[in-house]
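Have a look at the structure below before the remarks.
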Amino acid sequence: MANHPLYDQVMKALGTVIEPELHKDLVTLNMVRDLSIEGDVAKFTIVLTTPACPLKDVIAGAARVAVTKVPGIRAIDVKWDANVPTDRRVHGRMNLPLRNILAVGSGKGGVGKTTVSVNLAVALALEGAKVGLMDADILTPNVPMMIGLQHGRPKVSDGKMVPFEVYGVKAISMGFLTDPDKPLILRGPMLHSAIRQFFQDVEWGDLDYMIVDLPPGTGDAPLSLAQSVPLTGAVVVSQPQDVAVGDALRSIAMYEELNVPILGVVENMAGDLFGSGGGEKLAKNKNVPFLGRIPLEAEVRKGGDYGRPVVLSMPDSAAAKAFRQLARDVAARVSVVQFQNADVIPLNVIG
Ligand SMILES: Nc1ncnc2c1ncn2[C@@H]1O[C@H](COP(=O)(O)OP(=O)(O)O)[C@@H](O)[C@H]1O
Ligand SMILES: [Mg+2]
């Protein structure tokens with residue numbers, strides 16, 4: 472179809488459409504594929520950097536305006552595809568088919584890290600991404616409860632553990648491997664090797680996003696994680712109150728020290744009880760993105776207790792909508808961070 476008389480003009484028009492977050496045009500970014508012209512309709516596929524792109528409508532709208540300016544073209548027919556950029560450092564270090572590894576951390580416990588991790592993972596999967604969820608909170612592994620997988624042990628195949636797959640997410644947790652009545656105490660080197668094994672000895676397959684739920688604080692676990700694998704970035708969970716914000720501040724400082732990009736701060740449990748605004752203030756002060764607030768809602772806790780995350784159990788609730796938006800914003804931030812990162816494999820060479 473490249474020999475259609477209007478092909479070059481339509482391509483040129485698409486070359487004026489700027490991707491709003493990467494600030495380059497769709498053609499330069501090699502995002503336009505399979506352009507064909509049938510009658511007065513231009514048909515093409517736009518390959519995004521994430522299936523969870525929050526700006527599809529904006530991009531399609533801008534493409535429509537540009538392309539229908541070509542005389543003879545009246546409409547466009549867009550298909551969407553996604554090719555999540557690969558953090559080459561992940562491939563270089565461990566040779567795992569993981570495209571991006573994201574840590575979810577906080578300064579203290581009980582702020583909702585596991586809740587955010589689980590809902591973020593499921594929400595990304597709902598957008599069509601391939602997602603893994605690693606419970607790196609070895610001492611209090613809460614992921615199994617929150618995704619409804621408290622029983623059973625992972626199978627082993629070819630010497631590797633097979634992660635459980637639930638709600639479209641592949642999950643592994645120390646909670647699957649230990650006896651809940653005999654708590655496991657892991658320190659320093661053992662913790663380090665447990666986290667490494669969760670990467671190397673688990674058959675993850677090809678994943679767009681690996682979400683790592685960390686234990687609270689700035690102790691051994693985030694350090695081990697950052698030393699074991701290159702992290703694409705960290706999502707810091709804070710609560711609206713000042714004390715928690717102070718803890719979150721220390722958490723941000725730690726990631727900065729470890730050279731882990733901060734994807735942003737999410738304020739959890741916003742509402743009457745705790746007020747709101749602390750997370751946003753913190754993000755502003757530290758000059759990191761604010762990823763929004765998740766309201767304090769009983770449904771969120773119930774979703775965790777019953778093992779069906781609120782994004783699935785109550786998809787129309789304000790909290791579920793906030794988690795869905797969070798997932799899109801995190802995915803967009805990953806694309807931007809990857810784009811700025813010289814180590815990233817350019818879009819046009821990944822398969
Ligand atoms: N937005 C929210 N609304 C209501 N309850 C929440 C919310 N976020 C978390 N919770 C509840 O708060 C408790 C602590 O959350 P959790 O995710 O386990 O925190 P962390 O992993 O940081 O220790 C859990 O019972 C969880 O269900
Ligand atoms: Mg937790």
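For what it's worth, our numbering labels the leading residue of the sequence shown as 472, then goes sequentially. Each residue gets a CB set at the ideal place from its N, CA and C atoms; glycine is no exception.
Cβ neighbour criterion (16 or more within 10 Å) applied to S709: As a working note, residue 709 is residue 238 in the sequence shown. It counts as buried.
Quick one: what's got a C-beta closer than 6 Å to Q668's C-beta in the same chain, skipping five residues either side? The sequence position of residue 668 within the sequence shown is 197, counting from 1. The answer is none, since no qualifying residue turns up.
Length at least 4, wholly inside the region 587 to 662: the alpha helix (DSSP H) runs in chain order: 614 to 617
Helix, strand or coil for V538, going by three-state DSSP, please let me know. Residue numbering aside, residue 538 sits at position 67 when the sequence shown is read from its first letter. Helix at V538.
Starting from the Cα of V575, find the closest Cα among V587, L567 and D528 and give me that residue. For the purposes of this step, residue 575 is taken as the residue at position 104 of the sequence shown. Selected option, being the one with the closest Cα: V587.
Verify the contact flag: K584, CB atom, against every heavy atom of ligand 2, threshold strictly below 7 Å. By one-based count along the sequence shown, residue 584 stands at place 113. Yes, ligand 2 has a heavy atom inside 7 Å of this Cβ.
Tell me, please, whether the region 499 to 516 touches the region 577 to 587 by the rule of three or more beta-carbon pairs shorter than 8 Å. Segments in contact, no.
For L610 and G603, I'd like the C-alpha separation in whole angstroms. Numbered from 1 along the sequence shown, position 139 holds the residue referred to as residue 610. Numbered from 1 along the sequence shown, position 132 holds the residue referred to as residue 603. Cα to Cα, the separation comes out at about 20 Å.
In this structure, what does DSSP give as the bridge partners for L507? Taking the sequence shown and counting its residues from 1, the one referred to as residue 507 is at position 36. The question names Leu, yet the displayed sequence has Ser at residue 507. According to DSSP, which records beta bridges pairwise, S507 is partnered with K514.
What's the call for V815, buried or exposed, on a 16-neighbour Cβ count within 10 Å? The residue labelled residue 815 in the question sits at position 344 within the sequence shown. With a pLDDT of only 49 at V815, under the threshold of 50, the placement of this residue in the model should not be trusted; the figure read from the coordinates follows. The residue in question, V815, is buried, as its Cβ has 16 or more Cβ neighbours within 10 Å.
Taking 8 Å as the cut-off, decide whether the C-beta atoms of A594 and V782 are in contact. For this step, residue 594 is matched to residue 123 along the sequence shown. For this step, residue 782 is matched to residue 311 along the sequence shown. Between A594 and V782, the gap from beta carbon to beta carbon is short of 8 Å.
Would you say the beta carbon of M835 comes nearer than 7 Å to a heavy atom of ligand 1? Not covered by the structure: residue 835. The range shown for the chain is 472 to 822.
Here's a check: name, in chain order, each residue in its chain whose Cβ is nearer than 7 Å to the Cβ of A790, leaving out the five neighbours to either side. For the purposes of this step, residue 790 is taken as the residue at position 319 of the sequence shown. Correct list, in chain order: I765, P766, E768, E770, V771 and V781.
Three CB pairs or more closer than 8 Å across the region 695 to 709 and the region 623 to 631: no
For the putative contact between I544 and L477, defined by C-beta atoms under 8 Å, what is the C-beta separation to the nearest angstrom? Start at 1 with the first residue of the sequence shown, and residue 544 comes out as number 73. Start at 1 with the first residue of the sequence shown, and residue 477 comes out as number 6. The pair is a contact, with the Cβ atoms about 6 Å apart (cut-off 8 Å).
Ligand 2 and N613: does any heavy atom of the ligand fall closer than 7 Å to the residue's C-beta? Within the sequence shown, numbered from 1, the residue matching residue 613 stands at position 142. Yes, ligand 2 has a heavy atom inside 7 Å of this Cβ.
How long is the line joining the alpha carbons of V589 and T649, rounded to whole angstroms? Position 118 of the sequence shown holds residue 589. Position 178 of the sequence shown holds residue 649. So the alpha carbons of these two residues sit roughly 20 Å apart.
Where G717 falls: helix, strand or coil (DSSP): What you label residue 717 is simply residue 246 of the sequence shown in a count that begins at 1. Three-state DSSP puts G717 in a helix.
Classification of R804 by the beta-carbon crowding that lies within 10 angstroms, buried from 16 upward: Within the sequence shown, the letter at position 333 stands for residue 804. Classification of R804: buried, given that the 10 Å Cβ count is 16 or more.
Specify the secondary structure class of P766 as computed by DSSP and reduced to three states. Counting from 1 along the sequence shown, the entry for residue 766 is found at position 295. In the structure shown, P766 sits in a strand (DSSP, three-state: E or B).
Since I believe K601 is in contact with D672 (beta carbons under 8 Å), could you give me their beta-carbon distance rounded to a whole number of angstroms? Within the sequence shown, residue 672 is the residue found at index 201, counting from 1. Within the sequence shown, residue 601 is the residue found at index 130, counting from 1. Rounded, the Cβ-Cβ distance is 20 Å, inconsistent with contact.
How about D552 and R570: do their beta carbons lie closer than 8 Å? To locate residue 552, count along the sequence shown from 1; it is residue 81. To locate residue 570, count along the sequence shown from 1; it is residue 99. No, Cβ-Cβ distance for D552 and R570 is not below 8 Å.
DSSP has F761 in a bridge; who is on the other side? Residue numbering aside, residue 761 sits at position 290 when the sequence shown is read from its first letter. Answer by DSSP bridge pairing, in chain order: V736.
Taking C-alpha atoms, which residue in P711, A665, L694 and K514 lies nearest to M482? Taking the first residue of the sequence shown as 1, we reach residue 482 at position 11. For the residues P711, A665, L694 and K514, the minimum Cα distance to M482 belongs to K514.
Are there any heavy atoms of ligand 1 lying less than 7 Å away from the beta-carbon of S577, as far as the coordinates show? On the sequence shown, residue 577 is found 106 positions in, with the first residue counted as 1. For ligand 1, at least one heavy atom lies less than 7 Å from the Cβ of S577.
Run through the DSSP bridge pairs and tell me what K550 is partnered with. In the sequence shown, residue 550 corresponds to position 79, counting from 1. Paired residues: T516.
Any idea which residues DSSP pairs A741 with across the strands? Here residue 741 refers to the residue found at position 270 of the sequence shown. Answer is P766, bridged to A741.
With three or more C-beta pairs closer than 8 Å as the rule, is the region 608 to 622 touching the region 748 to 767? no
Give the straight-line distance between the Cα atoms of D528 and D496, rounded to the nearest whole angstrom. Walking along the sequence shown from the start, residue 528 turns up at place 57. Walking along the sequence shown from the start, residue 496 turns up at place 25. When rounded, the distance between both Cα atoms is 16 Å.
M740: beta carbon under 7 Å from a heavy atom of ligand 1? Here the question's residue 740 lines up with position 269 in the sequence shown. M740: yes, Cβ under 7 Å from ligand 1.
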